[in-house]
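Structure, as structure tokens:
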Amino acid sequence: MTTSRSDAVAVPGDDPLDYVENRSPGAGRQAPRAGLASDAAAVDLDGTWQFRLAAGLHDLTPGFEAPDLAHAGWGTIAVPSCWQLDGIPGAPRHGAPAYTNQVFPFPVDPPRVPDANPTGEYRREFTLPEDWPFEDGASVLRFEGVDSCFALWLNGTRLGDGKGSRLPTEFGTAGLLRPGRNVLAVRVHQWSAGSYLEDQDMWWVSGIFRSVRLLHRPSGGIDDVFVHADFDPVTGEGVLRVDAVAGPDARITVPELGLDLAPGETARVPVQPWTAETPRLYDAVIATAAERVPLRVGFRRVAVEDGLLTVNGRRILLRGVNRHEWHPETGRTLDRATMLQDIELMKRHNINAVRTSHYPPDRTFLSLCDELGLWVIDECDLETHGFHLNGWRDNPSADPAWREAYLDRMSRMVERDKNHPSVIMWSLGNESGTGDNLRAMADWTHERDPARPVHYEGDWDSGYVDVYSRMYADHDETDRIGRRAEEPTTDPELDGHRRSLPFILCEYAHAMGNGPGGLSEYQRLFEQHPRCQGGFVWEWIDHGIRQHTPDGRGFFAYGGDFGEPVHDSNFVADGLVFPDRTPSPGLVEYKKVIEPVAIAIDAASATVSVRNGQDFADTAALRWLWQIEDGGDPVADGECAFPVVPAGETVFVPWPSELRKAAGTAAGGERWLTVRAVLATDLPWAPAGHEVAWQQTLLEALPAVRAVAPGSAPVRSGRLLTLGPAAFDVRSGRLARIGEHAVEDLRLDLWRAPTDNDLRGWRGSVAERWRAAGLDRLEHKVLAVEPGPDGLTVRTRVAAAGTDAALAADYRWSVPEDTPDRLWLTLEVRPTGEWPFPLPRLGVRATVAPSLSTVTWFGAGPGEAYPDTRAAARVSRFRSSVAGLQTPYLFPQENGARTDVRWARLTDEAGEGLLVLGAPHFGLSVRPWTSEDLDAARHPTDLVPRDALYVNVDLAQQGIGSASCGPGVLPAHRLLPGPAVLTVGFQAVTD
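Per this note's numbering, the very first residue in the sequence shown carries number 307; after that it's consecutive.
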């Protein structure tokens, strides 16, 4: 309990560079320990360093470690940083970033790496404070993260080398420090044997990307601490024991609990437990005469019992997300403000869990998770996915020669992060196949920290882990797993074990581009089956790199934009937030789907119910606000007086008298009641009034629009047919104008710019089928233009070259006598021939003047919505510019559709324009470019507004799904060909 640590210095072998291709995790390093704050002396070595980028081992600077080396020709670089991002936005000054998903960007020949191995040579001069305690204890250099392999020298003497990019490494200085000036030299290699263990679907970027510090280790100080803070849910007591490598006089105090303990001593005391919903922390201190270390203690018990993952005796439901560390300008170097922003955004969008894919994060992030409340699966810095492309031949997971490296990575993560209450599970890594090295990691972890379960997805037999984890299992398979009716294991002896385990989807709902669809259906399964304990959407952030066009317009680069010969394009852009951390529509949808409280409104009984879906917290932090709107106009509002609802329970309350009275008045339009749950007071992650959940119900519908009524006959005038406010070409029957507003090229439209989920798919690309059928190059043949006593009928046949599959499209135009300023279209569509695939969309597209750039609509909004991504769309009246309707996905694709629109008004600055009416509803998109322009673009900056607006009025669209990596569109959301009718009205208007 009171042992001390000693410094160590590496002894170089015959080849001082053999560490690069050596499977060994490093030499001359200190044993791993907890990441601790301390009042011991320290020197922050972050800042500006001298820097030179060598082309490889053949290009190194002779004697670069010498204290008196001249720096002629050297530049400078910030530490921490990734050297390939120096100069971003703009041209990188040192190499360039490269993105691959699985494929190694070098020949697979472990442990060897290419001779073309960019190597960063770093030097930093620093001056020790005059009061540095040379005569007491020792000093340690701590590197929080270096990618991918490095060696270091202090004042010309080599200290050692290390691998494991996203793990801390410490080196003793062994009396090499001097009063005054000191010189630290570090050589960092982009590729090393360790690169074979770090194929984690991300940009390959290198350097000293986390902080560097010189730490004094006083004699009799505190070298390591392991806080064991159990919670007994039966008695409500916390059980505290703190193990420490410290001086003999070490004491642990927790003033709030009145505790004063020696290391290894156990105390039981009533406490408030820590959970992600109620992140209660107790401030503690471990101190000796030589050093003082603050601790934050959270009492909780994590267990797998009766087939469920529990915390403090209760099943938990993970509403999670996978999080890579990323910033569009600094890469994997993040400051505390960015980490805090991530957590605040997660909490504000009802996310309660993070998987640290696929490596341990900066430890500041975990401290913030402790403080603000998130469940964390802490994942080891390990992925060998590239071996999958070669049939897993030579996979390090099954090679005993790599076992030391595997165990080293796991121990460094566990030791660093063992005191974080937010960490409820250790993960061995990601997509590393199978092998005994993984089992060895699990065995070591179970022995070192039996209080946390162990996770790994890559071995489906799950013989050495505590949860059954999968990625991208579709809804049907997830349902079978929930019923414990999944396919048996490969090893029959393990089948019973796996069926006894709780299930999580460590990755699902691939958030690439527009999407993901199908979230609501997954969430219903998680709530239906106790075994299904939620999952983690892939992923949190688009890994775009900020760039500018030559004329200064900004965009975010993805794979291939830096000339990489091997890359995976925009597969790196698959997050719920854009690179600048603007929430995407997918995050807004996810927030609604995973609301922690479910509100239900029953108009018949005039009641509102609340089901508290939280696992621990009651609803005392919430207020319940109601509002009635008629046609989108607020007419009454107030507050519901709900009692505090305990976790897991449901309460019904009658409508307050003010709501009953308002609901009983005559409606001035389609009437909707909305009830919202908002924060009653400020919380650390959001202000008072922040909306947590909502629900609405229709109180009174308007009478159906009478679109078909006795009408007038068209009148011919030269080359035009006039019908009420509209004019048509006499030969083609095409609409030319409505009132004074030109409306051109209105015709059937089936095409949408394929989404990432349309373009990709494990069962093939639906977009390829669309293109093969010619849906992007349809021709419209006019068969007849038939004026009649009640309007105008235009019959057409729509088909692509080379196929006899066609659509008969009949346009029936009419102007009812009782509304002579309103033009109605009834479009009847009948497919003929073979259509063995769903359609992208079904509706009409027209062109209007670009001046009609303000859109007001009554319908679902405010954001985009599609058949399987519409949970977050609420009915009201909304207003936006055309520019505001666009969603700037990094790779341009179908976006911006509004659904269930009753009416929409497109107006200019004077308030004049066009009204579009549904009978009853339609989908609406308005763009300054065509779907074909979207399809051709590769970045948003490729889209140049035309001198027109393109308006899509849709009967339906195909759903979104998540086929870019996972299941496609569910049957209920597929747009299958068949007879269909769209009815819409048009009218020239003035606001």
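Idealized CB from N, CA, C, for every residue including glycine. Since the model is a prediction, treat every value here as computed from it, not as a measurement.
8 Å Cβ cutoff met for residue i and residue j
{"i": "residue 666", "j": "residue 722", "result": "yes"}
{"i": "residue 1128", "j": "residue 1291", "result": "yes"}
{"i": "residue 980", "j": "residue 1180", "result": "yes"}
{"i": "residue 971", "j": "residue 950", "result": "no"}
{"i": "residue 590", "j": "residue 559", "result": "yes"}
{"i": "residue 1154", "j": "residue 1249", "result": "no"}
{"i": "residue 1190", "j": "residue 1122", "result": "no"}
For residue i, the three-state DSSP class (helix, strand or coil)
{"i": "residue 628", "result": "strand"}
{"i": "residue 426", "result": "strand"}
{"i": "residue 1271", "result": "helix"}
{"i": "residue 711", "result": "helix"}
{"i": "residue 1256", "result": "strand"}
{"i": "residue 509", "result": "strand"}
{"i": "residue 1192", "result": "coil"}
{"i": "residue 930", "result": "strand"}
{"i": "residue 940", "result": "strand"}
{"i": "residue 572", "result": "strand"}
{"i": "residue 1289", "result": "strand"}
{"i": "residue 327", "result": "coil"}
{"i": "residue 390", "result": "helix"}
{"i": "residue 1072", "result": "helix"}
{"i": "residue 918", "result": "strand"}
{"i": "residue 618", "result": "coil"}
{"i": "residue 737", "result": "coil"}
{"i": "residue 1143", "result": "coil"}
{"i": "residue 502", "result": "helix"}
{"i": "residue 688", "result": "coil"}
Candidates the options, of which the one nearest residue i by Cα
{"i": "residue 1226", "options": "1205, 1234, 1237", "result": "1205"}
{"i": "residue 863", "options": "355, 357, 402", "result": "402"}
{"i": "residue 351", "options": "674, 1159, 386", "result": "386"}
{"i": "residue 851", "options": "866, 761, 1040, 885", "result": "885"}
{"i": "residue 905", "options": "998, 935, 818", "result": "998"}
{"i": "residue 1031", "options": "1232, 1220, 775", "result": "1220"}
{"i": "residue 732", "options": "767, 499, 688", "result": "688"}
{"i": "residue 1062", "options": "658, 1270, 713, 453", "result": "1270"}
{"i": "residue 861", "options": "394, 329, 353", "result": "394"}
{"i": "residue 844", "options": "836, 892, 873", "result": "892"}
{"i": "residue 1087", "options": "513, 635, 1104, 388", "result": "1104"}
{"i": "residue 1114", "options": "1120, 948, 1089, 1277", "result": "1089"}
Burial state of residue i, where buried means 16 or more other Cβ atoms lie within 10 Å
{"i": "residue 958", "result": "exposed"}
{"i": "residue 1327", "result": "Summary: the structure shown does not reach residue 1327, with the chain confined to residues 307 through 1297, and so no result is reported for it."}
{"i": "residue 322", "result": "exposed"}
{"i": "residue 633", "result": "buried"}
{"i": "residue 611", "result": "exposed"}
{"i": "residue 653", "result": "buried"}
{"i": "residue 881", "result": "buried"}
{"i": "residue 834", "result": "exposed"}
{"i": "residue 465", "result": "buried"}
{"i": "residue 1282", "result": "exposed"}
{"i": "residue 478", "result": "buried"}
{"i": "residue 1023", "result": "exposed"}
{"i": "residue 690", "result": "buried"}
CB contact below 8 Å: residue i versus chain C
{"i": "residue 580", "result": "You won't find chain C in this structure, because it holds only one protein chain."}
The ligand MG heavy atom lying under 7 Å from the CB of residue i
{"i": "residue 1266", "result": "The ligand MG is not part of the structure shown, which contains no ligands of any sort."}
Contact between the region 898-909 and the region 1181-1199 (3+ Cβ pairs under 8 Å): no
Does the region 403-414 come close enough to the region 436-444 to have 3 or more Cβ pairs within less than 8 Å? no
Would you be able to state if there are at least three C-beta pairs under 8 Å between the region 941-948 and the region 959-976? Taking 8 Å as the limit for Cβ pairs, the verdict is that the region 941-948 does touch the region 959-976.
If contact is defined by three or more beta carbon pairs under 8 Å, each pair taking one atom from either stretch, is the region 738-754 in contact with the region 703-720? yes
Taking contact to mean 3 or more Cβ pairs, one atom from each stretch, closer than 8 Å, check whether the region 1258-1267 and the region 797-813 are in contact. no
Would you call the region 483-498 and the region 367-375 in contact, with 3 or more CB pairs under 8 Å? yes
Inter-stretch contact (C-beta, 8 Å, three-pair minimum) for the region 1140-1157 and the region 1072-1091: yes
Please determine if the region 328-343 and the region 520-531 are in contact, where contact requires at least 3 C-beta pairs separated by less than 8 Å. yes
Between the region 613-632 and the region 642-661, are three or more C-beta pairs nearer than 8 Å? yes
Counting Cβ pairs, one atom from each stretch, are 3 or more of them under 8 Å apart for the region 785-793 and the region 813-821? no
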